[in-house]
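Novice: Quick one: structure below, then a few questions.
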Amino acid sequence: MSHLTHLLKPQSVAVVGASIKPMRAGNIVMKNLLHGGFEGAIMPVTPNYSSVCGVLAYRSIDDLPIVPDVAILCTHATYNQTLFEQLAVKQVKAVIVLSADMHFANDDGESIQAACLAIAKTNGMRVLGPNSLGLVLPWMNFNASFSPVTATKGKIAFISQSAAMCTTILDWANDKNIGFSAFVSLGNALDIDFADLLDHLSRDSHTEAILLYVDTIKDARRFMSAARAASRNRRILVLKGGRTHAGRLAAQAHTGGDNTLDIIYDSAIRRTGMLRVNNSHELFAAVETLTHSVPLRGERLAIITNGGGPAIMAVDTLLDLGGKLANLSDETIDKLSALLPPSWSHNNPIDMVGDADDARYVKTLNALMDTDCADAILIMHSPSAVAHSEQTAKAIVAAIQSHPRHRRFNILTNWSGELTAKPARDIFTQAGIPTYRTPESAVVAFMHLVEYRRNQKQLMETPTTAEPVYIAELNEAKKWIEEKLLEKETVSLDTHQIGPFLRHFNFKVLPTWIASDSSEAVHVAEQIGYPVAVKLRSPDIAHKSDVQGVMLNLRNSNEVASASEAILDRTKLSYPSANIHGLLVQGMAKLAGGEEIRIKVKTDETFGPVILIGQGGSEWDESIDAASALPPLNMALARYLIVRAIKSGKIRLQKLPEPMDIQGLSELLVRVSQMVVDCPQVHELDIHPVLANGADFTILDADLVLKQYQGDAQQRLAIRPYPVEYEQFVTLKDGEEILLRPILPEDEPHHADFIHNVSKEDLYKRFFTDVGEFNHEALANLTQIDYDREMAFVAVSQTRPGNPIIGVSRALINPDNTDAEFAILIRSDLKGNGLGKLLMNKIIEYCQHKGTKQMSGMTMPTNRGMLMLAQKLGFNLDIQFEDGVADMVLALN
């Protein structure tokens, strides 16, 4: 049973604080439950009335004749602690709290919500709210909310931290005849949050897509894990409030949370394979598109129009957003020329000219659907005396439905106008064809499909491996950190001090020397050789440019002396109280023909370490001028980050004789990521800049902040990195050396080879069906796992050519950590050498260490080898010969 079953599949409900007074929450909730047609027991609880809305009322929770699945508290916050205590005695398992003032203190000085949460946790009670609008489950006719509008049955679930967004979306959806599978107002998400609901709804048969309205995320690790799992089999759209600094402060006031940069949320949403929309208008458009669309096959858009101007606006919007305009083949142009007037555009957009009637629309559309030169088609219509709006819409709907290839295309429509166009748009809506008021909104909606496809592709892409960091170098780096932090909580270091640390991670750092005054700077410059750069060294001045604290291309001793004295004089004049730690003297890097890139690591309160990249400069505003990514990064993710930074203008590539090597920069970012993962004391690293000359990358300037870190280093990361601590070398009975380790995304091709060496009979026993060729998506699901809630150990031979995978054991752990579904598969030609027992013990030890309650698995009664092994390891067996299954269960913690 899911931990949210009582809440999301209720058979009975108690309304605590039910009222006969109109406009009171307890009255509105009762009316909504009754009008909704809920067939379970509805029990009002109030000492003030004998009945509410014609339903017999109970004086107290103790008086209830049965234990309700859900209790809705429509009471003032001051009563709630006492009510929670009564609900706990009654053993109620789900509570919805509508009141908003739970943050006030009780008589003991503790906040009411903290006291209520403690009671709930002790008694296994789940809480929705406080400050929740309630819950609507249309498929159960259950409207436990005080919303003025209700939801109809549909395939979309909506989860929101904002009650106002709930009512707005409901009103719009009812107008568009869009229904919902669940409508959940989280409120302040004291207990139940996005992660809980994503886990449940991603397995719900009524739910095909999930919409989220997010103010703030409180537990980044749980959110990322749940979202990544859910987005593999459900479309998820996210509308994130608080994009600006002022908006973030408003979001904090609304639902609490941290002041996380919007670009960090953006990267988190991309990383999970979800789709972000920027405003409520885009959300509506995206819902319409995703509700009615087949999966996008490609990104090429063809446009059919009866007006050139609107089509031009559509093209401009498409290209501004990074979309692709389809190229018409010569054959298609010839075909269209035979159907259209000579003055047609002879290109895409296909402008059929202003006198196009409905017959011309249909012929053009059919001609386009007969070809493969486009993946999506946007049909546009401007008010016309020749092409009647509704008549043309009906003709197009009929043409689409009757064409044998219409499912190969994503078809969108834009009927511009108001009074004359709305009936036509209604025709498309009823036919399940997305329709939009403006050319721009239609194209934005199409680009949502494109962006969603790209995010899903990124989620499934097989990464490659970067250059490794060697253990000896890593240990030296850790020792260096320990020395710097000796008896200190925090330490800030500059380029001169951190060079040795950076070189442990194979970064090339421009050699730097310290000079205390101008004469020492001249002496150092003479030793280095000209030209040189001289820079101010002061912990109190964040931007050296504020005092012109960087002088470049100094060619002789006079220039060095003059520049040094000028820097020191300007600093003393502008910042008389600043600590000046002398000057940095560097040999001049080859700036000509190079690209300067800024890379920064910062530690966010919610998401932990984040990697930012941009062009840099003294006016750099990381919230605007950077793209971000969450570690750990591999080569594929690093490349996506760079490409995104280039496409969004955060990095403006120059035309250079030797262009910056994207592969080399990706490797550099992966090494930065490895540093962050392995060294939890790295609180902030600002590389400003790294100079890119083709494939050569030199760090010119960098600042590092180290901070003491206690506890599990991996817990601070939003995404759990590869757990190297589980690697283990073992020897099989026949003397073969193998490495037992967690699976890696890079293992995909090796995993495919492994499956080829498993017999069809063994695959049937494992998957309970005939297994054909595993495609990329299936292999990606097996190798790109979330280490926070899933584990797969591979046995890698150390003696066979190519170090092949010869066995795999896995555990898929449910969100409650109460059960781990296990599976094991061995190469068919390698049975009997003890590998199966090793892999089973490895996965059992892992689940015991994680605190999982039990392990369970299923096989066939004919799989005697597996059953005998399970029995030896202490599993309880339940063999059902009639059903052809054997269940295996092992109690752990």
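Numbering (my numbering), first residue to last: 431 to 1323. Note that beta-carbon positions come from the ideal geometry of N, C-alpha and C, so glycine has one too. Because the structure is a prediction, the values reported are computed rather than measured.
Quick one: what's R706 bridged to in DSSP?
Specialist: V668, per the DSSP bridge assignment.
Novice: Using C-beta distances below 6 Å, list every residue in its chain close to A612, excluding the 5 sequence neighbours before and after it, in chain order.
Specialist: Contacts found: L567, A587.
Novice: For R1294, count the other beta carbons within 10 Å of its own beta carbon; 16 or more makes it buried, fewer makes it exposed. Which is it?
Specialist: Exposed, by the Cβ-count rule.
Novice: Going straight from the alpha carbon of L691 to that of S1053, what length do you get?
Specialist: So the two alpha carbons sit approximately 6 Å from each other.
Novice: Can you give me the C-alpha to C-alpha distance between D788 and A797, rounded to a whole angstrom?
Specialist: If I take the Cα positions, the gap works out to 14 Å.
Novice: Which residues mark the beginning and the end of the beta strand (DSSP E) in which N983 is found?
Specialist: From DSSP, the beta strand (DSSP E) with N983 extends over 980-984.
Novice: Can you tell which of V557, H630, R662, L565 has its C-alpha closest to the C-alpha of I622?
Specialist: Nearest C-alpha to I622: V557.
Novice: Looking only at its own chain, which residues have a Cβ that is under 7 Å from the Cβ of K765, when we skip the five neighbours before and after it?
Specialist: Cβ neighbours of K765 beyond the five flanking positions: A797.
Novice: Hey, quick one: how far does the alpha helix (DSSP H) through E1251 stretch, first residue to last?
Specialist: Run containing E1251: none in the alpha helix (DSSP H); it sits in the beta strand (DSSP E), 1249-1256.
Novice: Determine the closest residue to D924 out of I971, E917, R884, with distance taken between C-alpha atoms.
Specialist: Comparing Cα-Cα distances from D924 to each of I971, E917, R884, the minimum goes to I971.
Novice: Going residue by residue through the region 723-797, where are the continuous alpha helix (DSSP H) segments of at least 4 residues, counting only ones entirely within it?
Specialist: Taking only runs of at least 4 residues, the alpha helix (DSSP H) segments lying wholly in the region 723-797 are 738-750, 760-769.
Novice: My parser needs the alpha helix (DSSP H) runs of 4 or more residues fully inside the region 1008-1085; what are they?
Specialist: DSSP runs (the alpha helix (DSSP H)) wholly in the region 1008-1085: 1052-1055, 1065-1077.
Novice: Could you check whether L731 and A756 sit closer than 8 Å to each other, using their CB atoms as the reference points?
Specialist: For A756 and L731, yes; Cβs fall inside 8 Å.
Novice: Can you have a look at N510 and say buried or exposed, based on whether 16 or more other CB atoms are within 10 angstroms of its CB?
Specialist: That one is buried.
Novice: How about M981 and A993: do their beta carbons lie closer than 8 Å?
Specialist: Yes, they are a contact pair.
Novice: Between the alpha carbons of S1189 and L1255, how many angstroms are there, rounded?
Specialist: Each residue's alpha carbon lies about 11 Å from the other.
Novice: Is A1125 helix, strand or coil by DSSP?
Specialist: Here A1125 sits in coil by DSSP.
Novice: According to DSSP, is N573 part of a helix, a strand, or is it coil?
Specialist: Strand, per DSSP.
Novice: Tell me whether the beta-carbon of E995 lies closer than 8 Å to the beta-carbon of S922.
Specialist: Against a cut-off of 8 Å, the Cβ pair of S922 and E995 comes out as no contact.
Novice: Express the C-alpha separation of L565 and L437 in angstroms, rounding to a whole number.
Specialist: Spanning the two alpha carbons is a distance of roughly 9 Å.
Novice: For I496, is the classification buried or exposed, using 16 other Cβ atoms within 10 angstroms of its Cβ as the cut-off for buried?
Specialist: I496 is exposed by the Cβ-count criterion.
Novice: Quick check: the region 574-583 against the region 453-469, are there 3 or more CB pairs under 8 Å?
Specialist: Yes, the region 574-583 is in contact with the region 453-469.
Novice: With a threshold of 7 Å on Cβ separation, who are the neighbours of A1182 within its own chain once the five nearest residues in sequence on each side are excluded?
Specialist: Same-chain partners within the cutoff: F1204, L1209.
Novice: How big is the Cα-Cα spacing for L879 and E718?
Specialist: Each residue's alpha carbon lies about 11 Å from the other.
Novice: Helix, strand or coil for N462? Go by DSSP, reduced to three states.
Specialist: DSSP places N462 in helix when its eight states are reduced to three.
Novice: Assuming A851 contacts L808 under a Cβ cut-off of 8 Å, what Cβ separation, rounded to an integer in Å, is found between them?
Specialist: Contact flag wrong, Cβ pair sits at about 15 Å.
Novice: Who are the Cβ neighbours of I468 in its own chain at under 6 Å, not counting the five residues just before and after it?
Specialist: Note that residue 468 is Phe in the sequence shown, not Ile. Cβ neighbours of F468 beyond the five flanking positions: N571, F572.
Novice: From K1272 to N1187, what does the alpha carbon distance come to, in whole angstroms?
Specialist: Each residue's alpha carbon lies about 22 Å from the other.
Novice: Return the bridge partner residues of Q1140 from the DSSP annotation.
Specialist: Paired residues: none, contrary to the question.
Novice: Would you kindly work out how many angstroms separate the C-alpha atoms of A1300 and I1215, rounded to a whole number?
Specialist: Taking the straight line from one Cα to the other gives about 25 Å.
Novice: Mind pulling the beta strand (DSSP E) runs of 3 or more residues that sit fully within the region 1221-1297?
Specialist: Taking only runs of at least 3 residues, the beta strand (DSSP E) segments lying wholly in the region 1221-1297 are 1235-1243, 1249-1256, 1284-1289.
Novice: Put M431 into one of helix, strand or coil per three-state DSSP.
Specialist: Here the model assigns M431 a pLDDT of 39, short of 50, so the residue's position is not dependable, and the following value carries that caveat. The answer is coil: DSSP assigns M431 none of H, G, I, E or B.
Novice: Identify, in the order they occur along the chain, each residue of the same chain with its Cβ nearer than 7 Å to the Cβ of R933, setting aside the five sequence neighbours on each side.
Specialist: Cβ neighbours of R933 beyond the five flanking positions: V939.
Novice: Does the region 503-518 come close enough to the region 479-488 that 3 or more CB-CB pairs lie under 8 Å?
Specialist: No, they do not touch.
Novice: In or out: M431 buried (at least 16 other Cβ within 10 Å) or exposed?
Specialist: With a pLDDT of 39 at M431, under the threshold of 50, the predicted position of this residue should be treated as unreliable, though the coordinate-derived value follows. Flag for M431 reads exposed.
Novice: Tell me whether Y479 sits in a helix, a strand or coil according to DSSP, three-state version.
Specialist: In the structure shown, Y479 sits in coil (DSSP, three-state: anything other than H, G, I, E or B).
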